[in-house]
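These protein sequences, in sequence, are chains A and B. Position 43 of the first sequence, counting from 1, maps to 63 under my numbering, and the rest follow consecutively. Position 10 of the second sequence, counting from 1, maps to 229 under my numbering, and the rest follow consecutively. We treat Cβ as the ideally placed atom computed from N, Cα and C, and that holds for glycine.
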Amino acid sequence: MIRAQRTPSPADAGRRVYRLLIVDDSNIVRRRIERSQHFEDLQVVGTAGNGLDALEVFAATDPDVVTMDLTMPRMDGIECIGRMVELKPSVRILVISALADKATAVEAMERGANGFLNKPFSDRQLNEAIAELMRGA
Amino acid sequence: MHRSRSFGRAPLLTVGVGLALALSLGVVLLAGFRLATELNGSVVALQTASSLQTYPADISREIDTLRERLEVRTYAGRALDDLRGTTTRLDDGLADLARASAADPVALRAARDSWARFHRELDPVLAFSGQPYRDSDTAGSVLSTAGRAHFMHVRRAQLYAARHAQALREELGKVVDGLRSSASTAALRLRGLLLGGVLAALMLALLAVHLQIAKGREERSAREAQERTRDILRTVREGFFLLDSGHRIGPVWSDALRRMFGREDFAGLSFQDLLQDLVPPATLATALKYVNLLWGDRAHENLMKSINPLAQLEITTESERGGKETRYLQFDFHRVMGPKGVQHVLCAVGDITSSVLLARELQDSQSHASAQLDLLIGLTRTDPLQLGSFLDTADAGLRLVNAIMKEPARGDGEFRRKIDGLMRELHSLKGEAAALELTSVAERLHALEGLVEACASKAELSGADFLPVVLKLDELLAHLQGVKEIAGRLMLTREPQPLGESGSIGAALESLAAQLSREHGKPIRLELAGLAQVPAAYARTVKDCLIQLLRNAAVHGIEPTDQRAARGKNGTGLISAKFAATPNGYELVFEDDGAGIAADTLKRAAVRRQLISEEEAAAMDTRAAMALMFRPGLSTADGVSMDAGRGVGMDVVARGLQSIGGRIGVATHPGRFTRFRITLPAADRATGAVA
């Protein structure tokens, strides 16, 4: 589940590695997101299938970047975003959701999300969205 | 941009030059003041020096006087006092000159040295006190010892004065010359300075004038720029305004807003108040949250644009004609950055109603095109005769619907009756369309039915409630016209049906009878005979005619089962169609054992439709009354179909038969049967018939 990290070379010494947490109730989507990124400075530090688990993993792994589903059991994404931002205001969150209405997007942004990606998405769209997120992190 | 930069530098330069000019004017004035003071000192000194010039001569004369007095032994005290006074004044005068320092120091020192030497010679004279004379009895008054010494001193001083008084006078003259020349130099300088001062003042005045002109020009161009901005804001078709951090609209906004929102009080209005009455509360809440997000730096412009909840906002406003009007507005937000982050949010509002409607129209026409294609495919599978028959029926049916709609109605009850009639007609047409798999027609009929149902569910009805029905009906008629055209083209391209072939008419009637029976919940038995003998030339007409008659008989002729039972009839309605050759041609008898047609009902309807007058109706016998049913005006009359239970399109049937030289007659007995007897001439192409 966690991608192997490259052995740090001297050139990498000053380079920051971003820690990514993937939250989605579908393990197909989780795996899809895990596999699709090709950033050498991005490391998946955890995955979660609902909001409550996500908070636990969040506290344990201290990620810089999070991809967040909205419709999930136990705790939905909107609430989860709010909690995460409370815990770590500098975290950057990309909402990946099939809910396409703008009210939801605005709500998520208001809670503290930094990006919005509609399902279904292409690898390219995902990579662009994550790259955009990392630029701000 | 360029303009403001050039204007930004000019005032700085002007202020600098102005300051420099004022400063130099100040310096000139100060220097002038000093020069004037100096000049004043020089003039005073010059006066002093000029008066001193006479003193050496005065002193010489006074010494002379003193000596004369001493020689004649008269009183010399006064002469000595004069000498003393003059000496003191010369001392003081020279001391004043030295203090005033206006005089040429070299000349002054020479004069003072010269005077000092002079003074030294005078000192013993001036120092004398006491009596210079002594009285002797022999010689009278003689000089005393002190007097002799005094006299000696006076003579020496006289000698010195005779030799040096002139020199001292010249020395003092030099001082005077020096003072005069310095005074005139000072005066010259003062003149120069004054000239400079006047020049500086003149330049300051010029500068002031220039500044005034520049200011005027700047104000004019600012005014022009303002006017241009106003022109832009007045002419531009988009609504523009700036939102401040308190989400309030700024004082500058474009006139288009007035048209879009129908109000004037934008300046200072909050964004919430702008939208309050126009959008549902949920949309308003989202919009306010969104605008709030614009002030943060959480998301970049593109992302914010993509989640803009006001990109296509549907609003309802009062139209100019008084009614409600739905329009679509597009809000675009742009952050205006200042030195401390977002300063304003520029909001551009566009009325995109026409493009939204156009997009819809495009979508409609796309779905219309695909429906056309579906229809085309459907039509190729449909039996052309059945299709033709349906189209005629539908046409007639809808004309009836139209007539029902046009029928004036006043009370609620009349409207309800109208609705019932419409529902029945539409429902039956829908069923037929569905049976023929004419989905596009069936869907439209269904939608129309829905509209009528919506009318029915209203508590109170008025003519205006039927307006949407009329519109939809027009659309349906246009669609049917399209179907007809396509069907027409299809018929042309298709191989002619093997006419008269057994089963083709019969099968169509059987299937229609089964369908009508199902739809109307009436058991029907159809008896057919001799239809295989229909000559090819008549096949089409006969089939259309039979479909129409069957439809009318099944829908309107055959009574519902309970009614039949009450009349002691068999529960299953019997409809028969028998075709047979006769010596002169052919005969087709179509009969149903239904409710029959009452002549009076036909007459009443014809009177109501103003086809005949009351008198004509009264004079009409049953036979003539029956003929009314083939009159075009009557066949679409609601009265006929609703009151007498007889169907539509009889005129269509009659016309079709006439076109091939046929005739139609009707016999009926109310409550028992209706029988149509159709005679056709011998066909030229009767060879196609199967014997």
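Secondary structure of B/Q495, DSSP reduced to three states: Position 276 of the second sequence, counted from the start, is the residue given in the question as residue 495 of chain B. Three-state DSSP puts B/Q495 in coil, outside helix and strand.
Which residues in the same chain have their Cβ closer than 8 angstroms to the Cβ of B/L418, if we skip the five residues on either side of it in sequence? Here residue 418 of chain B refers to the residue found at position 199 of the second sequence. Answer for B/L418: no residue qualifies.
Exposed or buried, what is A/F136 when buried is set at 16 or more other beta-carbons lying within 10 Å of its beta-carbon? Along the first sequence, one-based indexing puts residue 136 of chain A at 116. Burial call: buried.
Residues near B/R217 by beta carbon distance below 8 angstroms, same chain, minus five either side: There is simply no residue 217 of chain B to check, as chain B begins at 220 and stops at 910 in what is shown.
Interface residues of chain A around B/K508 at Cβ under 9 angstroms? Your numbering for residue 508 of chain B matches position 289 in the second sequence. Those are A123, V126, E127, M129 and E130, listed as they occur along chain A.
What are the boundary residues of the alpha helix (DSSP H) that A/G71 is part of? Translated into positions along the first sequence, residue 71 of chain A becomes position 51. Judged by DSSP secondary structure, A/G71 falls within the alpha helix (DSSP H) whose first and last residues are G71 to T81.
Less than 9 angstroms between CB atoms is the rule here; does B/A530 satisfy it with respect to chain A? In the second sequence, counting from the first residue as 1, residue 530 of chain B sits at position 311. Closer than 9 angstroms: yes.
For A/K122, count the other beta carbons within 10 Å of its own beta carbon; 16 or more makes it buried, fewer makes it exposed. Which is it? For this step, residue 122 of chain A is matched to residue 102 along the first sequence. Answer is buried; the Cβ neighbour count reaches 16.
Give the interface partners of A/G102 over in chain B, defined as CB-CB distance under 9 angstroms, in chain order. Here residue 102 of chain A refers to the residue found at position 82 of the first sequence. Going along chain B, no residue has its Cβ under 9 angstroms from A/G102, so there is no contact; the nearest lies around 14 angstroms.
Per DSSP, B/I883 forms a beta bridge with which residues? The residue you call residue 883 of chain B lines up with position 664 of the second sequence. For B/I883, DSSP records a beta bridge to B/I897.
Hey, quick one: how far does the alpha helix (DSSP H) through A/V126 stretch, first residue to last? Mapped onto the first sequence, residue 126 of chain A falls at position 106. K122 to R131 is the span of the alpha helix (DSSP H), which, as asked, contains A/V126.
Helix, strand or coil: which one does DSSP assign to B/D914? Given a span of 220 to 910 for chain B in the structure shown, any question on residue 914 of chain B remains unanswerable.
Nearest-angstrom Cα separation, counted from B/R456 out to B/V564: The residue labelled residue 564 of chain B in the question sits at position 345 within the second sequence. The residue labelled residue 456 of chain B in the question sits at position 237 within the second sequence. Going from the Cα of B/V564 to the Cα of B/R456 covers about 19 angstroms.
Under 9 angstroms Cβ-Cβ, which residues of chain B neighbour A/F136? Start at 1 with the first residue of the first sequence, and residue 136 of chain A comes out as number 116. In chain order: A518, L522, S525 and I526.
Measuring straight from C-alpha to C-alpha, what distance separates A/I150 and B/T599? As a first step, residue 150 of chain A must be located in the first sequence, where it is residue number 130. As a first step, residue 599 of chain B must be located in the second sequence, where it is residue number 380. Using only the alpha carbons, I get a separation of about 54 angstroms.
Counting only C-beta atoms, is B/A501 closer than 9 angstroms to chain A at any point? Sequence index remark: in the second sequence, residue 501 of chain B carries index 282 (1-based). At a cut-off of 9 angstroms between beta carbons, B/A501 contacts chain A.
Residue from A/G132, A/L41, A/V105 and A/L75 whose Cα sits closest to the Cα of A/Q63: As a working note, residue 63 of chain A is residue 43 in the first sequence. Here the closest residue by C-alpha is A/L41.
B/W472 by DSSP, collapsed to three states: which one? Here residue 472 of chain B corresponds to residue number 253 of the second sequence, with the count starting at 1. Strand.
Cross-chain neighbours of B/L512 in chain A, by beta carbon under 9 angstroms: Your numbering for residue 512 of chain B matches position 293 in the second sequence. The answer, in chain order, is V126, M129 and E130.
Does the Cβ-Cβ distance between B/I794 and B/R737 come in under 9 angstroms? On the second sequence, residue 794 of chain B is found 575 positions in, with the first residue counted as 1. On the second sequence, residue 737 of chain B is found 518 positions in, with the first residue counted as 1. Result no, Cβ atoms of B/I794 and B/R737 do not sit closer than 9 angstroms.
Please name the residue or residues paired with B/D570 in a DSSP beta bridge. Walking along the second sequence from the start, residue 570 of chain B turns up at place 351. B/D570 pairs with B/L548.
Can you list, in chain order, the residues of its chain with a C-beta nearer than 8 angstroms to that of B/H429? Leave out the 5 residues immediately preceding and following it. On the second sequence, residue 429 of chain B is found 210 positions in, with the first residue counted as 1. Around B/H429: T233.
Check whether chain A comes within 9 angstroms of B/T448, counting only Cβ atoms and requiring the distance to be less than that. Counting from 1 along the second sequence, the entry for residue 448 of chain B is found at position 229. So no, B/T448 is outside the interface.
Using the Cα positions of B/S355 and B/R288, report the straight-line distance between them to the nearest angstrom. Here residue 355 of chain B corresponds to residue number 136 of the second sequence, with the count starting at 1. Here residue 288 of chain B corresponds to residue number 69 of the second sequence, with the count starting at 1. For the pair B/S355 and B/R288, the Cα-to-Cα distance works out to about 18 angstroms.
If you measure from the beta carbon of B/T505 to each beta carbon in chain A, is any gap under 9 angstroms? Locating residue 505 of chain B in the second sequence gives position 286, where the first residue counts as 1. By this cut-off, B/T505 is an interface position.
Residue span of the alpha helix (DSSP H) that contains B/S525, given as start and end: In the second sequence, residue 525 of chain B corresponds to position 306, counting from 1. Start and end: E520 to S525.
Give me the residue from A/I48, A/P83, A/D73 and A/N47 with the minimum Cα distance to A/S110. As a working mapping, residue 110 of chain A is identified with position 90 in the first sequence. Taking only the C-alpha atoms, the option nearest A/S110 is A/P83.
Given 8 angstroms as the limit, is there contact between the segment 576-588 of chain B and the segment 642-650 of chain B, that is, 3 or more CB pairs closer than that? no
Residue from B/E672, B/E651 and B/F634 whose Cα sits closest to the Cα of B/L728: Taking the first residue of the second sequence as position 1, residue 728 of chain B is located at position 509. Considering only alpha carbons, the answer is B/E651.
Between which two residues does the beta strand (DSSP E) carrying B/D804 extend? Here the question's residue 804 of chain B lines up with position 585 in the second sequence. In the sequence as presented, Asp is not what sits at residue 804 of chain B; that position holds Gly. G804 to D811 is the span of the beta strand (DSSP E), which, as asked, contains B/G804.
How about the segment 454-469 of chain B and the segment 479-497 of chain B: do they share at least three Cβ pairs that are nearer than 8 angstroms? yes
Taking the continuous beta strand (DSSP E) assigned at B/G890, which residues delimit it? Taking the second sequence and counting its residues from 1, the one referred to as residue 890 of chain B is at position 671. No beta strand (DSSP E) holds B/G890; DSSP gives it neither H nor E.
Below-9 angstroms beta-carbon distance, A/E152 vs any chain B residue: Position 132 of the first sequence, counted from the first residue, corresponds to residue 152 of chain A. Chain B contact via Cβ: present.
In the DSSP assignment, what are the bridge partners of B/S187? Since the first residue of chain B shown is 220 and the last is 910, residue 187 of chain B is not available in this structure.
Close Cβ partners of B/R408 (< 6 angstroms) along its chain, the five nearest in sequence each way excluded: Mapped onto the second sequence, residue 408 of chain B falls at position 189. Once the five neighbours on either side are set aside, the close Cβ partners of B/R408 are L254.
In the DSSP assignment, find the unbroken beta strand (DSSP E) run with B/E537 in it and report its ends. Residue numbering aside, residue 537 of chain B sits at position 318 when the second sequence is read from its first letter. L532 to E537 is the span of the beta strand (DSSP E), which, as asked, contains B/E537.
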